[in-house]
Amino acid sequence: MNYFKFELSPSSLNLFLECPRCFWLYKAKKIYRPQGPMSSLPSGLDLLIKKYFDKYRAMDKLPPEIEGKVKGKLLENQKLLDNWRDWRVSNLRYEDKDLNAALRGALDECFVLEDSSIGSGQVVYIPVDYKTRGFDLKEDSEKYYHNQLNCYTLLLEANGFKHPSFAYLLFYIPREIKENGIVRFDIEPVEVKTNPSEAKKVFEAAAKLLTGPVPASNPECGFCSWSNNWLNFK
Numbered sequence: 017m018n019y020f021k022f023e024l025s026p027s028s029l030n031l032f033l034e035c036p037r038c039f040w041l042y043k044a045k046k047i048y049r050p051q052g053p054m055s056s057l058p059s060g061l062d063l064l065i066k067k068y069f070d071k072y073r074a075m076d077k078l079p080p081e082i083e084g085k086v087k088g089k090l091l092e093n094q095k096l097l098d099n100w101r102d103w104r105v106s107n108l109r110y111e112d113k114d115l116n117a118a119l120r121g122a123l124d125e126c127f128v129l130e131d132s133s134i135g136s137g138q139v140v141y142i143p144v145d146y147k148t149r150g151f152d153l154k155e156d157s158e159k160y161y162h163n164q165l166n167c168y169t170l171l172l173e174a175n176g177f178k179h180p181s182f183a184y185l186l187f188y189i190p191r192e193i194k195e196n197g198i199v200r201f202d203i204e205p206v207e208v209k210t211n212p213s214e215a216k217k218v219f220e221a222a223a224k225l226l227t228g229p230v231p232a233s234n235p236e237c238g239f240c241s242w243s244n245n246w247l248n249f250k
C-alpha cells in the first residue's frame, strides 16, 4: 500500500464541503473542532447489524425485512467484505500521485446485481450504508449522504468493480420497546443515485486546498464564528 501526504476519507471531504477552513486546520495542522462526549450506541448498533447481515450472507439470502425492496443480493465473499469494512486495511483506495493524496473508505455492506449488458454472468457492485435515526424519514433525508455514497462508488470504480451508479441507504428507525429489552425497528431502504465524477472533483479540490494557505473564516460556520468571537473577546 502506498502512503501519501494527504489521506482523505468521505467524512473529511464532508468537512471540506461544510467548512474549508475547519478542514484545512484539521488535515494540515491537526487542529480539531471541539466536541463533547460521543455516544457509542450508533457504532454498537452498526456492529450488530453487520453481524445480522452476515448471518443471512452465510445462507445466501437477504434479510426478510428488505426482501423485494432492494435490487440484487448480498455480496457472497465475506473475506472481501471484511476487508472493505475496515478502513485501516481496506483495499478500496483512490490515489492521485500528482496531488500526493489518497481517498479511502469503509463500506457497511455491498449488494451485487447481475448485469447482462456488461457480459454474461457479470455483476455490478452496489454500496450500502446503514443509518440509524430517531424519527421518520423526510423527503430529502438522503441529501446529507450524497458525497459519502459518491465516494464509495468512486472507490469501487477505481479498483475495477463496476457499479450501477446508485447506492442504498438502509435507515433503521426505532418504533417500540418490548419486554426483555427488545427494541423493534422499521427498516427503510432508500436508493440514491451516485456520481463518482462528483466525488473525484471534491477530492481534487480538497487536496489542492491543503497545499495552500489557511482559508478565510467561513461566516456560515458556527465553529469559525465561535473562534472569531473568542479572539475578539480577548
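In our numbering, the protein residues as written are 17 to 250. Every residue, glycine too, gets a C-beta built ideally from N, C-alpha and C.
For this session: Tell me where the beta strand (DSSP E) around Tyr141 begins and ends.
Result: 139–148
Problem set entry | Run of the beta strand (DSSP E) containing Arg120, from where it starts to where it stops | 117–120
Problem set entry | Asn107 to Ser28 span [Cα, whole Å] | 19 Å
For this session: May I have the straight-line CA-CA distance separating Ile189 from Leu64, to the nearest angstrom?
Result: 15 Å
Exercise. Is it the case that the Cβ atoms of Tyr110 and Leu171 are separated by a distance below 8 Å?
Worked result: yes
For this session: Please name the residue or residues paired with Leu57 in a DSSP beta bridge.
Result: None, per the DSSP bridge assignment.
Exercise. According to DSSP, is Leu186 helix, strand or coil?
Worked result: strand
Problem set entry | DSSP bridge partner residues for Phe127 (one or two, in chain order) | Leu90, Ile142
For this session: Take Glu214 and list the residues in its own chain whose beta-carbon comes closer than 6 Å to its own, dropping the five residues that flank it on each side.
Result: Asn166
For this session: With DSSP collapsed to three states, give me the class of Val218.
Result: helix
Problem set entry | Cα-Cα separation between Val128 and Pro143, rounded to whole angstroms | 9 Å
Exercise. Tell me which same chain residues have a C-beta within less than 8 Å of the C-beta of Pro58, skipping the five on either side of it?
Worked result: Thr148
For this session: Decide if Asn163 is buried, meaning its Cβ has at least 16 other Cβ atoms within 10 Å, or exposed.
Result: buried
For this session: Using the DSSP secondary-structure output, state which residues sit across from Phe22 in a beta bridge.
Result: Ala117
Exercise. Does the beta-carbon distance from Leu31 to Tyr48 come in below 8 Å?
Worked result: no
For this session: Below 6 Å CB to CB, which residues in the same chain sit around Leu119 once its five sequence neighbours on both sides are set aside?
Result: Leu24, Tyr110, Phe219
For this session: Find out if the Cβ-Cβ distance for the pair Phe177, Tyr141 is shorter than 8 Å.
Result: yes
For this session: Take the Cβ of Ala74 as the centre, count every other Cβ of all protein chains shown within 10 Å, and call the residue buried at 16 or more, exposed below.
Result: exposed
Exercise. Which value, in whole angstroms, describes the spacing of the CA atoms of Val86 and Asp152?
Worked result: 19 Å
For this session: Mind reading off the beta-carbon distance from Tyr184 to Pro212? Whole number of angstroms is fine, and I expect it under 8 Å.
Result: Going by Cβ atoms, the distance from Tyr184 to Pro212 rounds to 16 Å, so no, they are not a contact pair.
Exercise. Is the CB of Val128 under 8 Å away from at least one CB in chain B?
Worked result: Given the protein chain composition of this structure (a single chain), no chain B is represented.
Exercise. What is the residue span of the beta strand (DSSP E) that Tyr110 lies within?
Worked result: 109–112
Exercise. Do Leu123 and Trp100 come within 8 Å of each other at the CB atom, strictly closer than that value?
Worked result: yes
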